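For the sequence shown, UniProt numbering gives the first residue as 1, with consecutive numbering after it.
In this text, a Cβ means the ideal position worked out from N, Cα and C, and glycines have one as well.
Quick caveat, the model's predicted, so the values are computed rather than measured.
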Amino acid sequence: MALTQQEFAFVSGLVRREAAIVLETGKEYLVEARLLPLARRTGTVSVSEFVARAQRERALADQIVDALTTNETSWLRDREPFTAFTDTVLPDLMERRPATQRLRIWSAACSSGQEPYGLAMLLEESLTSSRQYEIFATDISNEMLDRAKAGRYSQLEVNRGLPVPMLVKYFQRAGTEWQVGDALRRNISFQKVNLAAPLPPAQPFDVVFLRNVLIYFDLETKRSVLRRIRSLMRPDGWLFLGAAETTIGIDDGFERVVAGRASAYRPRAATTAPVGAMRKG
């Protein structure tokens with residue numbers, strides 16, 4: 001039985017209120033497909049009945065938000081931003097930062113952990129042993145954070161973009177799965193954060209990865225998210241967005257730069273010299 005207009009309105013309103021995700025009319029099929037497994041797990045006869053229960057039970061409402069948060073991810077996804085990270089951003093930061101200063105990276109919307117663990121592998125490969133770093137990994141989904149903290153992946157998951165040498169070096173076999181090793185885990189902290197709400201206080205970040213998140217927000221939410229994130233970045237920090245995302249026309253506090261074949265964004269007030277082939281755009 002298809003969701004009624006009232007049921008869809010409840011779900012879309014809940015997700016917009018809790019996660020600032022916009023579900024427009026026409027997405028009913030998506031809502032039903034995402035909620036059907038939840039309905040079955042809770043022994044509910046139909047999605048409609050599950051939605052009715054969720055209006056009375058807060059725990060079920062939280063599960064709806066989790067289910068409708070897109071968690072598509074892979075290792076070193078789209079590749080080019082990570083090449084820019086190692087070839088352009090890290091050399092720039094190591095030149096500007098004292099050797100004793102720890103680099104701080106934020107993986108926002110980290111999903112099941114492939115991005116922060118992937119960044120940790122790149123940092124382990126690129127930095128000297130004396131250069132310390134920390135990665136702050138956040139997501140709005142409790143389920144995804146639990147998976148990321150566990151750091152255990154199936155063979156199918158590690159096949160999605162993880163280079164074999166990195167798999168062998170940084171993972172251990174765990175039955176039919178692969179377990180992230182301590183060398184990566186010790187520098188990563190995980191926390192639940194709603195990007196559309198006030199952000200927790202934090203020391204400034206050198207690099208922020210906020211990839212494939214803004215596309216789910218309306219214009220005003222995009223502006224507020226970018227403004228809050230910029231307030232937590234160092235003046236000469238770097239921001240990476242998804243290929244279909246930009247700050248242009250949304251937040252004039254950032255300027256776009258091109259590093260190799262990737263685009264990044266930097267606080268406009270920064271007085272930074274070009275690095276390598278980097279140029280303003």
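What separation, rounded to the nearest whole angstrom, lies between the Cα atoms of residue i and residue j?
| i | j | result |
| --- | --- | --- |
| PRO165 | GLY43 | 44 Å |
| LYS169 | GLU124 | 11 Å |
| GLY181 | ALA108 | 22 Å |
| residue 309 | GLN179 | As displayed, the chain neither begins before 1 nor continues past 281, which places residue 309 out of reach and without an answer. |
| THR25 | SER46 | 21 Å |
| ALA264 | VAL258 | 6 Å |
| ARG41 | GLN203 | 41 Å |
| THR4 | LYS149 | 37 Å |
| THR69 | THR221 | 16 Å |
| CYS110 | ARG211 | 9 Å |
| ARG268 | ARG79 | 26 Å |
| TYR133 | GLU49 | 48 Å |
| VAL11 | GLU57 | 13 Å |
| PHE171 | VAL158 | 10 Å |
| GLU28 | ASN142 | 24 Å |
| GLY276 | PRO81 | Because GLY276 sits at a pLDDT of 40, beneath the cut-off of 50, its placement in the model cannot be relied upon, and the following sentence gives the value as read from the coordinates. The alpha-carbon atoms of GLY276 and PRO81 are separated by roughly 16 Å. |
| GLU32 | ALA2 | 8 Å |
| ARG152 | GLN63 | 22 Å |
| ALA9 | ILE140 | 21 Å |
| ARG131 | ARG34 | 43 Å |
| THR83 | ASP236 | 19 Å |
| PRO98 | ARG104 | 13 Å |
| PRO201 | ARG147 | 25 Å |
Report back the beta-carbon spacing between residue i and residue j to the nearest angstrom; my notes put them in contact at under 8 Å.
| i | j | result |
| --- | --- | --- |
| LEU219 | ILE250 | 7 Å |
| THR73 | GLN6 | Not really, about 33 Å apart at Cβ, beyond 8 Å. |
| ALA67 | LEU60 | Their Cβ separation, rounded to whole angstroms, is 10 Å, which puts ALA67 and LEU60 out of contact at 8 Å. |
| MET233 | VAL193 | Not quite, the Cβ-Cβ distance comes to about 15 Å (not below 8 Å), so this is no contact. |
| PHE217 | VAL89 | With 8 Å as the limit, PHE217 and VAL89 do not qualify as a contact, their Cβ atoms being about 25 Å apart. |
| SER112 | MET144 | 5 Å |
| VAL65 | VAL15 | 6 Å |
| ASP87 | GLY260 | 6 Å |
| PHE205 | LEU226 | About 14 Å separates the two Cβ atoms, so there is no contact after all. |
| THR138 | GLN191 | 5 Å |
With DSSP run on the structure shown, which of helix, strand or coil describes residue i?
| i | result |
| --- | --- |
| LYS192 | strand |
| THR69 | coil |
| THR44 | coil |
| ASP182 | helix |
| ASP92 | helix |
| PRO267 | strand |
| ARG227 | helix |
| ALA277 | Its pLDDT being 36, under 50, ALA277 is placed unreliably in this model, and the value from its coordinates should be taken loosely. Residue state, collapsed to three classes: coil. |
| ALA244 | coil |
| ASP78 | coil |
| THR272 | Residue placement at THR272 is poorly supported in this model, since its pLDDT is 47, which falls under 50; the coordinates are not used for a value here. |
| ALA197 | coil |
| PRO98 | coil |
Closest to residue i by CA distance: which of the options is it?
| i | options | result |
| --- | --- | --- |
| ALA262 | GLN179, TRP238 and ALA269 | TRP238 |
| SER224 | ALA196, LEU36 and PHE240 | ALA196 |
| ALA243 | LEU226, LEU214 and GLY253 | LEU214 |
| ALA174 | SER154, GLU255, LEU184 and ARG211 | SER154 |
| residue 350 | LEU167, ASP92 and GLU18 | The requested residue 350 is not part of the displayed model; the chain covers only 1 to 281. |
| SER129 | THR100, ASP146, ILE140 and ILE135 | THR100 |
| PHE240 | ARG185, PHE85 and GLY253 | PHE85 |
| LEU184 | ASP146, MET121 and ARG228 | MET121 |
| GLY161 | ARG102, LEU35, TYR117 and GLY13 | TYR117 |
| residue 289 | ASP236, ARG266, PHE82 and SER231 | Here the chain has residues from 1 to 281 only, and residue 289 is not among them. |
| THR176 | GLN191, LEU127 and LEU156 | LEU156 |
| ARG186 | ILE135, PRO201 and ILE229 | ILE135 |
DSSP puts residue i in a beta bridge; with which residues?
| i | result |
| --- | --- |
| MET121 | For MET121, which the question treats as bridged, DSSP gives no partner whatsoever. |
| VAL208 | TRP106 and LEU239 |
| THR138 | GLN191 |
| SER154 | GLU177 |
| GLU255 | ARG266 |
| GLN172 | GLN179 |
| TYR133 | LEU103 |
| MET233 | PHE205 |
Check whether the Cβ of residue i sits closer than 8 Å to any heavy atom of the ligand ATP, and report yes or no.
| i | result |
| --- | --- |
| VAL15 | This structure does not include the ligand ATP; it has no bound ligands of any sort. |
From the beta carbon of residue i, is the nearest beta carbon of chain C less than 9 Å away?
| i | result |
| --- | --- |
| PRO163 | This model lacks chain C altogether; it includes just one protein chain. |
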